[in-house]
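Notes for the one structure printed next.
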Amino acid sequence: MDARTELLVIMMEECGELIQACSKALRKNEFEDNRNLIEEVGDVYTMIEIMHSFDLVSWNDIEKRVLEKRTKLAKWSQLVEDWEVNIANVPPA
Ligand SMILES: [Mg+2]
18 MDARTELLVI MMEECGELIQ ACSKALRKNE FEDNRNLIEE VGDVYTMIEI MHSFDLVSWN
78 DIEKRVLEKR TKLAKWSQLV EDWEVNIANV PPA
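When we follow our numbering, the leftmost residue of the sequence shown carries the number 18, and every step to the right adds one.
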């Protein structure tokens with residue numbers, strides 16, 4: 018297995034572990050200071066950083082996508098307010 022394949026396999030595994038941690042948090046009603054949830058978010062974040070170091074993703078592309086996703090969430094969910102997206106989209110002076 019080459020390094021990029023290993024990277025994506027471990028990313029898939031970590032995403033699966035994060036899904037499981039989210040499910041357990043919901044099932045047990047444990048949202049605050051949930052050690053397992055924190056660890057699995059950190060594991061996925063680590064894999065994102067390594068994907069960046071392998072030049073599979075750029076921080077610019079990720080930040081652009083973050084804005085796009087926040088815009089969608091503002092429209093389709095209660096998680097992000099419109100004003101938050103509008104402030105984030107203001108170009109620097
Ligand atoms: Mg993990």
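The beta-carbon is built from N, C-alpha and C at its ideal position, and this holds for glycine as well.
Residue interval of the alpha helix (DSSP H) (run including residue i)
i   : result
D78 : W76 to W93
Contact test: residue i Cβ vs ligand 1 heavy atom, cutoff 7 Å
i   : result
E31 : yes
E34 : yes
D60 : yes
E66 : no
E23 : no
E56 : yes
C-alpha distance - residue i paired with residue j, whole-angstrom precision
i   : j   : result
E30 : R52 : 18 Å
K41 : E34 : 10 Å
Presumed contact (8 Å Cβ cut-off) between residue i and residue j, rounded CB distance
i    : j   : result
V102 : R82 : Their Cβ separation, rounded to whole angstroms, is 13 Å, which puts V102 and R82 out of contact at 8 Å.
C39  : L54 : 7 Å
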